[in-house]
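Trainee: Below you will find the structure I want to go over with you.
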Amino acid sequence: MMNRKLEPTEVKKWVREVLSTRPDEIDCDECMEQLDRFVEMTISGRNAAEAMPLVHHHMEHCGCCHEEFEALLAVLRALD
Ligand SMILES: [Zn+2]
Numbered sequence: 002m003m004n005r006k007l008e009p010t011e012v013k014k015w016v017r018e019v020l021s022t023r024p025d026e027i028d029c030d031e032c033m034e035q036l037d038r039f040v041e042m043t044i045s046g047r048n049a050a051e052a053m054p055l056v057h058h059h060m061e062h063c064g065c066c067h068e069e070f071e072a073l074l075a076v077l078r079a080l081d
């Protein structure tokens, strides 16, 4: 637990962020969880973006997850 009290302004900011997130969007944790499957689909030549649109959409906006995807793809391709 945090050992400091949350300021009301911080709480308001947090609530705004939560409310502004679309319910069909996933966060980085969820993206990472599904990334293996996304990469496997990509490698097997299936349309991963169509099968897993939320992961695809997240990576379009998140450079960090996209880098993870590229790295995973490179590793798995090297293993083949
Ligand atoms: Zn992300």
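Per our numbering: the sequence shown = residues 2 to 81.
Idealized CB from N, CA, C, for every residue including glycine.
Taking the straight line between their C-alpha atoms, what separation do you get for Arg85 and Met53?
Mentor: Residue 85 lies beyond the residue range present for the chain, which begins at 2 and ends at 81; the question has no answer from this structure.
Trainee: Can you find the residues in the same chain that come closer than 7 angstroms, C-beta to C-beta, to Thr43, ignoring five residues on each side of it along the sequence?
Mentor: Ala49, Leu74
Trainee: Taking the C-alpha atoms as reference points, what is the distance between Met60 and Glu31?
Mentor: 11 angstroms
Trainee: So, helix, strand or coil for Met33, using DSSP?
Mentor: helix
Trainee: What would DSSP say about Leu73, mapped onto helix, strand or coil?
Mentor: helix
Trainee: Beta-carbon within less than 6 angstroms of Phe39's beta-carbon, same chain only, minus the 5 sequence neighbours each way: which residues are those?
Mentor: Ala49, Met53, Val56
Trainee: Counting only C-beta atoms, is Asp37 closer than 7 angstroms to chain B at any point?
Mentor: Any reference to chain B falls outside this structure, which holds one protein chain only.
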